[in-house]
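Throughout the sequence shown, residue numbering follows numbering that gives the first Met the number 0, covering 0 to 317 in sequence.
Using N, Cα and C, we set each Cβ at its ideal position, and we do this for glycine too.
Input: a single structure, listed below in structure tokens.
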Amino acid sequence: MGRVRCAVIGVGHFGRHSVRLLSDFPGLELAAVVSRSAETLAELPSLPVSVQRTTNVGAVFSDPAIDAVIIATPTPTHAAFAAAALQASKHVLVEKPMTANLREAEELAEAVRVSGRVFMVGHQYLFNDHIVALKSAIRAGELGRVRAVFAEHLYHGPIRAGVGCFWETAVHEVAMLDFLFGLDGVRDVTAQRLDLTGSGFDDFTVATVLFANDPQATIVTSWCAPEKSRRFIVIGEAGSASFAEELMIFTEPPGALRDRYGPAPAECVRQPVKAAREPLANQIEHFLTCIRTGAEPLTGIEHGLRVIRLLDRVERAR
Numbered sequence: 000m001g002r003v004r005c006a007v008i009g010v011g012h013f014g015r016h017s018v019r020l021l022s023d024f025p026g027l028e029l030a031a032v033v034s035r036s037a038e039t040l041a042e043l044p045s046l047p048v049s050v051q052r053t054t055n056v057g058a059v060f061s062d063p064a065i066d067a068v069i070i071a072t073p074t075p076t077h078a079a080f081a082a083a084a085l086q087a088s089k090h091v092l093v094e095k096p097m098t099a100n101l102r103e104a105e106e107l108a109e110a111v112r113v114s115g116r117v118f119m120v121g122h123q124y125l126f127n128d129h130i131v132a133l134k135s136a137i138r139a140g141e142l143g144r145v146r147a148v149f150a151e152h153l154y155h156g157p158i159r160a161g162v163g164c165f166w167e168t169a170v171h172e173v174a175m176l177d178f179l180f181g182l183d184g185v186r187d188v189t190a191q192r193l194d195l196t197g198s199g200f201d202d203f204t205v206a207t208v209l210f211a212n213d214p215q216a217t218i219v220t221s222w223c224a225p226e227k228s229r230r231f232i233v234i235g236e237a238g239s240a241s242f243a244e245e246l247m248i249f250t251e252p253p254g255a256l257r258d259r260y261g262p263a264p265a266e267c268v269r270q271p272v273k274a275a276r277e278p279l280a281n282q283i284e285h286f287l288t289c290i291r292t293g294a295e296p297l298t299g300i301e302h303g304l305r306v307i308r309l310l311d312r313v314e315r316a317r
């Protein structure tokens, strides 16, 4: 197989990063960039003359010379664009959230199965070297039996249209729960949601996810917070782990804290990843590998469905 010719649909934050990274892979060629705004296309940094800039997404789908697409458009457009690309026999990498609701996800899953193409969701934290190291530490028993997870994902706008803050932002944390523990083991979900802006969608949500065989996970998310704050904490019977920008492993059991106040002793702290590669680069490389080998992606349609189903349960929870 020669070079995989790929189009990027949508050139907002993630789309621009995809455009930047595609040239780093010898087996990939950026063939086209699509935006609904001609002005946005004109403002893009210099691209090779061979790269088509267009506002016509249909032209990309109908071009037989384009093998794959990366969809980085607003969430409400994901399902339609992904289905059209699959129908046109393109391999698809769609940014998170995979779809705006469960019905779209189930319809898209059928389109994936019929197409026979590679389909992948952009849950890039599963390609983060720190999260991969966290999974290894849990599997190796460094934390002992994991009893609790606490995650928060707070930031100060922007508020997205057509979805709530939990669906749009906590999708990363939910994907991480599936990666680390498997969402098939969830037995109950509760949630409290607030609509602070009158949009009809949640702007602040606290959700609790109970697994049949541990752990209990609590996720707090809002896009109306005064500042950005993001962390993912795992607590086990033999130790704990904290991930914000970097992963820290604390090999100190909770019982050791009964008579002590302050930071963990240095000998109980381990930083497993010294130099992490950009997660988006790992994700694109995985997409290319799956196209070349026919392997099922780590974040394929079945994983995507598990994540969307959990998001849907949170939306319906009381």
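In the DSSP assignment, His16 falls outside any beta strand (DSSP E) and lies within the alpha helix (DSSP H) extending over His12 to Leu21. Around the C-beta of Arg230, fewer than 16 other C-beta atoms lie within 10 Å, and the residue is accordingly described as exposed.
DSSP lists no bridge partner for Leu133. By the Cβ criterion, the segment 193-203 is in contact with the segment 216-229, since at least three pairs of Cβ atoms, one from each stretch, lie closer than 8 Å. By the neighbour-count criterion, in which 16 or more other beta carbons inside 10 Å mark a residue as buried, Asp177 falls on the buried side. The shortest CA-to-CA distance from Ile8 to any of Ser114, Glu42, Ala64 and Phe80 is the one to Phe80.
Between the segment 131-138 and the segment 100-112, the count of C-beta pairs closer than 8 Å stays below three; the two stretches do not touch.
The count of Cβ pairs closer than 8 Å, one atom from the segment 177-189 and one from the segment 208-217, reaches three, so the stretches are in contact.
A check of alpha carbon separations from Arg291 across Arg112, Pro25 and Arg19 identifies Pro25 as the nearest. A distance below 8 Å separates the beta carbons of Gln270 and Glu245. Boundaries of the beta strand (DSSP E) harbouring Leu193: Val185 to Leu193, taken from the DSSP string.
For the set Ala240, Ser241 and Thr98, the Cα lying nearest the Cα of Pro75 is the one of Thr98.
Rounded to whole angstroms, the gap between the alpha carbons of Val48 and Gly163 is 40 Å. For the segment 27-85, the continuous beta strand (DSSP E) assignments of 3+ residues that do not extend past its boundaries occur at 27-33, 51-53 and 67-70, in sequence order. Where Arg229 is concerned, the enclosing beta strand (DSSP E) starts and stops at Cys223 to Gly235. Here Ile8 carries a strand assignment [DSSP, helix/strand/coil].
Distance from the CA atom of Ala275 to the CA atom of Asn127, rounded to whole angstroms, is 8 Å. Counting only the Cα atoms, Leu279 lies some 6 Å from Gln123. For the set Glu28, Leu27, Ile307 and Thr53, the Cα lying nearest the Cα of Glu38 is the one of Thr53.
The criterion of a C-beta distance shorter than 8 Å is satisfied by Val91 and Arg116. The Cβ neighbour count for Leu29, taken over all protein chains shown within 10 Å, is at least 16; the residue is labelled buried.
Around the C-beta of Glu172, 16 or more other C-beta atoms lie within 10 Å, and the residue is accordingly described as buried. The closest CA to that of Ala316, considering only His12, Thr207, Ala190 and Leu153, is found on Ala190. By the 16-neighbour rule on beta-carbons within 10 angstroms, Ala82 is buried.
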